[in-house]
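Colleague: Input: one structure, supplied below.
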Amino acid sequence: MDSTEGTFEFKLYRYTPSLGAAILFLVLFALITLYHLYQVIRLRSWYFLVFVIGGVFQIIGYICRTLAHNDTNSIPIYSIQTIMILLAPPLYAASIYMTLGRLIRYLDAEALSIVPIRWLTLIFVIGDVVAFVMQAAGGGIMASGTLSAMNTGETITIVGLAVQLAFFSVFIVTSTIFHWRIHQNPTEKSLLKGQPKWTETTWVTIMGVLYVSSVLILVRSIFRLIEYAQGNAGYLISHEAFMYVFDSMLMFLTMVVMSFYHPSKLLNPRNMERQGGQSDGTTTQLHRLSSA
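Under the UniProt record's numbering, the first residue of the sequence shown carries the number 1, and numbering increases by one thereafter.
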């Protein structure tokens with residue numbers, strides 16, 4: 001569909017979506033999502049279902065991407081794939097936020113967090129939800145198909161991406177400060193196994209996974225923000241390769257990295273119960289939500 005206003009022409013795609021690339025990432029996301037689902041069930045890490053749902057969103061998005069190859073004028077196909085691919089990373093981010101909160105409690109290191117532990121997960125997840133809703137709303141408005149709606153939807157999506165980027169940047173700073181503090185003032189639990197091995201899932205390897213995943217999502221969010229800020233006729237959105245390099249590939253790598261040292265190998269319900277019982281109210285509520 002092309003919409004014209006003055007000399008500006010709005011297009012759903014400024015290229016024919018690659019069928020091969022769409023099928024490749026459809027298969028990759030399907031395989032890694034199934035593996036994550038297996039890990040969630042085996043480790044009973046129901047709080048991590050949010051991450052799996054992010055993978056399902058990617059699968060739906062790339063199914064629509066394959067369909068778009070032969071139907072570049074379909075607004076429903078365009079809208080669904082845009083919304084699904086946009087909304088998967090905020091779900092990954094929510095899982096990362098919850099993982100840090102659980103890890104801090106597991107290490108008995110609540111006093112080392114610059115954000116009170118009972119608020120840490122809640123604050124970042126609320127920010128993530130706001131970004132999620134704004135991006136979903138932006139995508140939904142763009143789905144109406146009118147030029148003014150497309151422009152309005154893009155603006156709302158940009159704000160949603162900016163909110164996500166801001167909260168994620170603060171989260172990375174929070175994680176880094178916590179890591180430095182526990183290195184300077186280790187807890188008994190953090191010293192329990194002595195020098196950690198990189199072949200094992202320990203709190204050190206989990207922190208490494210959180211850093212890598214966070215940077216991947218951060219780079220992707222910066223890319224998307226610039227892409228939408230350039231507008232429908234921008235250079236980035238006009239060249240499909242950028243999307244696959246700075247979104248598809250980075251988000252697939254995020255799922256792969258999280259599967260190597262799956263947080264729930266350490267932060268599973270049995271270990272958390274041994275650690276002193278009950279989680280704080282925030283995590284309990286989030287656990288119930290993710291299990292619903």
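All residues carry an ideal CB built from backbone N, CA and C; glycine is no exception.
1) Applying the criterion that 16 or more other CB atoms from any shown protein chain within 10 Å of the CB defines a buried residue, is R42 buried or exposed?
2) Would you tell me roughly how many angstroms separate the C-alpha atoms of L253 and I60, rounded to the nearest one?
3) Among P186, R118, V245 and G127, whose alpha-carbon lies nearest the alpha-carbon of G160?
4) State buried or exposed for P263, treating a residue as buried only when at least 16 other CB atoms are found within 10 Å of its CB.
5) CB-CB under 6 Å to S238, same chain, minus the five flanking residues each way: which ones, in chain order?
6) Can you list, in chain order, the residues of its chain whose CB lies under 8 Å from that of L165, leaving out five sequence neighbours each side?
7) So the candidates are V173, A149, G139 and T174; which of them puts its Cα closest to the Cα of T157?
8) Taking A93 as part of the alpha helix (DSSP H), name the residues at either end of that continuous run.
9) Contact between the segment 100-108 and the segment 63-83 is defined here as three or more beta-carbon pairs at a separation below 8 Å; is this criterion met?
10) In or out: A93 buried (at least 16 other Cβ within 10 Å) or exposed?
11) If we call anything under 8 Å between Cβ atoms a contact, is M142 one with T82?
12) Less than 8 Å separating the beta-carbons of T199 and K265?
13) Out of G234, Y97 and V115, which has the shortest C-alpha to C-alpha gap to Y211?
14) Where does the unbroken alpha helix (DSSP H) through I206 begin, and where does it stop?
15) Just to confirm before moving on: does the CB-CB distance between F132 and L87 stay below 8 Å?
Modeller: In short:
1) It counts as exposed.
2) Distance between the alpha carbons of L253 and I60 is about 18 Å.
3) Distances from the CA of G160 to each of P186, R118, V245 and G127 were compared; the closest alpha carbon is that of G127.
4) Burial call: buried.
5) These residues qualify, in order along the chain: R14.
6) The answer, listed in chain order, is L218, S221, I222 and L225.
7) Of V173, A149, G139 and T174, the residue nearest in Cα terms is G139.
8) In the DSSP annotation of this structure, the continuous segment of the alpha helix (DSSP H) that includes A93 starts and ends at I75 to Y106.
9) No contact exists between the segment 100-108 and the segment 63-83.
10) It counts as buried.
11) Taking 8 Å as the cut-off, the Cβ atoms of M142 and T82 count as close.
12) In this structure, the beta-carbon distance from T199 to K265 does not fall below 8 Å.
13) When only C-alpha atoms are compared, the closest one is Y97.
14) Here the alpha helix (DSSP H) through I206 covers W203 to A229.
15) L87 sits close to F132, with the two beta carbons spaced by under 8 Å.
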